[in-house]
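First up is the structure itself, then whatever we jot down about it.
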Ligand SMILES: O=C[C@H](O)COP(=O)(O)O
């Protein structure tokens, strides 16, 4: 168990805790957005066009930041069209673990790769809660995604606000299970999302997030995967500055519907992060 990291710890102090290692170079900060089922197709197209217009702002950031967006399946073709040439990646909010077969209604990682998708979210709390996803199915999906050459965005987080120690335990159980489906050296993103902070009024307290995210970082290193950790749960402008040094970026939901917010988040992430080391 890691000690709780102080609320006012500087990024350098967090790194010197040993969880992230020395700040040589390597991991690029990353910001992701899931649209969930908030928009219809026309609204998604409008939003994607607004995101594509961030292209110049993205290119002018003082430090490169990866940006990916996850619209609903029917909008993947729109993402391909509207984000072409912008350097902004896109992907899906779910996937099936099988490559092919009698799986009515499902979509394989291979098909997603054919659409040009780069990232695939697996194990979001809403899928665990409403669709019965388990650590085993999340692991199978994460494995399918990496085998297809895509990057799984593995969501993990405790269900209830019952203290940081309990959160580390519950979250690492999910992360370890999911990583069991991926091979050594796989590239993954872990989206740490305390379930009680999703769709809430404010993000989880920074001290709590720093401690859990740092424990996830150590877990990634132990598993020998190339991992980045991002925080999600009512994240928006002002969130990253309090977490810098313990996470590689943010995973946004509602607050990115306004692409002005998304632009501010990208600027904050670029400004607040120093180069971070590769984890393997
Ligand atoms: O996928 C995104 C997360 O669940 C966070 O959503 P939220 O920012 O709307 O709370």
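Residue numbers (this note's numbering): 3 to 282.
C-beta atoms are modelled at their ideal positions from N, C-alpha and C, and glycine is treated no differently.
Which residue comes first and which comes last in the alpha helix (DSSP H) that contains residue i?
i           : result
residue 218 : 208–225
residue 140 : 137–149
residue 59  : 57–61
residue 130 : 127–133
residue 112 : 111–116
residue 167 : 166–181
residue 268 : 261–274
residue 204 : First-last for residue 204: undefined, no H or E at that position.
residue 155 : Element bounds for residue 155: not the alpha helix (DSSP H) but the beta strand (DSSP E), 153–158.
residue 83  : 78–84
residue 54  : 43–54
Do you know offhand how far residue i's Cα is from residue j's?
i           : j           : result
residue 284 : residue 268 : Residue 284 is absent from the structure shown; the chain starts at 3 and stops at 282.
residue 58  : residue 166 : 39 Å
residue 127 : residue 196 : 9 Å
residue 95  : residue 137 : 17 Å
residue 29  : residue 40  : 31 Å
residue 82  : residue 101 : 22 Å
residue 130 : residue 144 : 14 Å
residue 226 : residue 219 : 11 Å
residue 198 : residue 77  : 29 Å
residue 217 : residue 61  : 32 Å
residue 241 : residue 103 : 43 Å
residue 173 : residue 201 : 19 Å
residue 135 : residue 47  : 29 Å
residue 221 : residue 113 : 30 Å
residue 259 : residue 35  : 9 Å
residue 99  : residue 252 : 26 Å
residue 224 : residue 65  : 28 Å
residue 84  : residue 115 : 17 Å
residue 37  : residue 49  : 10 Å
residue 228 : residue 175 : 19 Å
residue 75  : residue 111 : 12 Å
Could you give the C-beta distance for residue i and residue j, rounded to a whole number, given that I count them as a contact under 8 Å?
i           : j           : result
residue 71  : residue 146 : Actually they do not touch by this definition, with Cβ atoms about 21 Å apart.
residue 149 : residue 191 : Incorrect: roughly 17 Å between the Cβ atoms, too far for contact.
residue 215 : residue 188 : With 8 Å as the limit, residue 215 and residue 188 do not qualify as a contact, their Cβ atoms being about 19 Å apart.
residue 140 : residue 124 : 5 Å
residue 212 : residue 245 : 6 Å
What do you get for residue i, buried or exposed, if any count of 16 or more other CB atoms within 10 angstroms of its CB means buried?
i           : result
residue 2   : Nothing about residue 2 can be reported from this structure: the residues present for the chain run from 3 to 282 only.
residue 286 : A query on residue 286 cannot be resolved here, the shown segment of the chain reaching from 3 to 282 and no further.
residue 273 : exposed
residue 43  : exposed
residue 162 : exposed
residue 68  : buried
residue 73  : buried
residue 168 : exposed
residue 105 : exposed
residue 250 : buried
residue 234 : buried
residue 21  : Interpretation of residue 21 is limited by its pLDDT of 36, a score under 50 that renders its predicted location unreliable; the figure taken from the coordinates is listed afterwards. So residue 21 counts as buried.
residue 1   : The requested residue 1 is not part of the displayed model; the chain covers only 3 to 282.
residue 270 : buried
residue 87  : exposed
residue 93  : buried
residue 183 : buried
residue 45  : exposed
residue 24  : Here the model assigns residue 24 a pLDDT of 28, short of 50, so the residue's position is not dependable, and the following value carries that caveat. Exposed is the call here.
Given a cut-off of 8 Å, decide if residue j and residue i are closer than it, judged by their beta-carbon atoms.
i           : j           : result
residue 254 : residue 32  : no
residue 236 : residue 203 : yes
residue 170 : residue 122 : no
residue 243 : residue 257 : no
residue 152 : residue 178 : no
residue 90  : residue 51  : no
residue 208 : residue 232 : no
residue 56  : residue 261 : yes
residue 164 : residue 117 : no
residue 142 : residue 158 : no
The beta strand (DSSP E) with residue i in it runs from where to where?
i           : result
residue 97  : Note, residue 97: premise wrong, no beta strand (DSSP E); not H, not E.
residue 230 : 228–234
residue 72  : 68–72
residue 252 : 251–254
residue 122 : 121–124
residue 33  : 32–36
residue 194 : 189–194
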